[in-house]
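In our numbering, the protein residues as written are 50 to 310. The C-beta atom is built at its ideal place from N, Cα and C for all residues, glycine as well. Fair warning: this is a prediction, and the values are worked out from it, not measured in the lab.
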């Protein structure tokens with residue numbers, strides 16, 4: 050009985066082995082990127098042209114991404130870009146067709162998959178970045194961009210602050226220059242006033258001497274004041290005569306009035 054049971058189990062295992070190990074044939078429905086992981090954020094491995102056949106090794110259970118081979122490359126393609134033959138019809142590779150198409154459900158093991166398929170690729174050097182998943186890598190890129198923007202903002206702010214400080218220094222220098230010019234003008238006016246005071250002090254004794262001479266000649270203050278009035282009257286007459294000379298009209302021939310003047 051036991052031998053019969055083991056023989057039946059072996060037969061069943063042999064019957065199921067081709068079903069599990071065999072890969073399904075698919076066709077690309079458009080020019081699609083074959084990527085290094087089940088997400089559009091993973092690095093692209095190659096482009097599969099529309100209509101080319103691929104070998105489907107398995108698909109994820111939670112989302113329609115399939116592990117495929119194209120020529121000598123291997124990677125992941127979204128199920129919406131891959132069709133397979135099902136009952137003489139082409140159908141998109143979706144979870145409800147996995148078992149009828151003979152497509153096994155697989156799990157994406159990053160380290161094992163990348164070590165086996167991408168050691169010669171440039172992006173393999175950044176596997177530590179991608180190991181945490183494309184969402185983390187994208188978030189890291191966003192944080193890096195935000196940090197770059199903050200650094201740029203700080204640099205611009207520092208530049209603006211420097212320009213503001215230079216502008217403040219320039220304005221302060223201009224105010225200082227204006228104050229210096231004002232002080233220089235005040236000093237010049239003070240020197241001119243002192244010079245005028247000195248000249249006035251020098252002229253004051255001469256004026257006193259002339260006043261005393263006039264008093265002595267006149268004999269009294271009234272005579273002195275009278276002499277001053279006469280002097281002013283004489284000056285006015287001279288000014289009036291000078292004005293008349295400047296405004297004398299042209300004389301005509303035999304004009305005795307002009308000749309008398």
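Residue closest to residue 88, alpha-carbon to alpha-carbon, out of 119, 124, 106, 105: For the purposes of this step, residue 88 is taken as residue 39 along the chain shown, with counting starting at 1. Residue 124 is the option with its Cα nearest to residue 88.
Helix, strand or coil at residue 109 [DSSP, three-state]: Position 60 of the chain shown, counted from the start, is the residue given in the question as residue 109. Looking at residue 109 - three-state DSSP - the assignment turns out to be coil, as it is neither helix nor strand.
CB of residue 75 within 9 Å of CB of residue 105, strictly: Residue mapping note: residue 75 aligns to position 26 of the chain shown, counting from 1. Residue mapping note: residue 105 aligns to position 56 of the chain shown, counting from 1. A contact, by the Cβ cut-off of 9 Å.
Cβ shell of residue 80 (< 8 Å), same chain only, five flanking positions each side left out: Working through the chain shown from its first residue, we reach residue 80 at position 31. Correct list, in chain order: 96, 97, 98, 99.
The beta strand (DSSP E) enclosing residue 141, as first and last residue numbers: Locating residue 141 in the chain shown gives position 92, counting from the first residue. Counted as a single uninterrupted DSSP element, the beta strand (DSSP E) harbouring residue 141 occupies residues 138-141.
Spatially closest choice to residue 152 from 90, 117, 178, by CA coordinates: In the chain shown, residue 152 corresponds to position 103, counting from 1. Looking at the Cα atoms, 117 is the closest of the given residues.
Strand pairing of residue 119, partner residues [DSSP]: As a first step, residue 119 is located in the chain shown; it is residue number 70 there, counting from the start. Looking at the DSSP assignment, residue 119 forms a beta bridge with 122.
Residue 148 at chain D interface by Cβ criterion, 9 Å: Of the protein chains in this structure there is only one, and it is not chain D.
Residue 142 classed as buried or exposed, judged by whether at least 16 other C-beta atoms fall within 10 angstroms: Locating residue 142 in the chain shown gives position 93, counting from the first residue. Classification of residue 142: buried, given that the 10 Å Cβ count is 16 or more.
Endpoints, beta strand (DSSP E) assigned at residue 320: The requested residue 320 is not part of the displayed model; the chain covers only 50 to 310.
Where residue 239 falls: helix, strand or coil (DSSP): By one-based count along the chain shown, residue 239 stands at place 190. DSSP places residue 239 in the helix class (H, G or I) of the three-state scheme.
Buried/exposed call for residue 84, threshold 16 Cβ in 10 Å: For the purposes of this step, residue 84 is identified with residue 35 of the chain shown, where counting begins at 1. Buried, by the Cβ-count rule.
Burial state of residue 169 (16 or more Cβ within 10 Å): The residue you call residue 169 lines up with position 120 of the chain shown. So residue 169 ends up on the exposed side.
Local Cβ density within 10 Å of residue 73, reported as buried at 16 or more and exposed below that: As a first step, residue 73 must be located in the chain shown, where it is residue number 24. With 16 or more neighbouring CB atoms inside 10 Å of its own CB, residue 73 falls in the buried class.
Reduced DSSP secondary structure (H/G/I, E/B, other) of residue 157: As a working note, residue 157 is residue 108 in the chain shown. Of the three classes helix, strand and coil, the one that applies to residue 157 here is coil, per DSSP.
Cβ neighbour criterion (16 or more within 10 Å) applied to residue 77: As a position in the chain shown, residue 77 is number 28, starting the count at 1. With 16 or more other Cβ atoms inside 10 Å of its own Cβ, residue 77 counts as buried.
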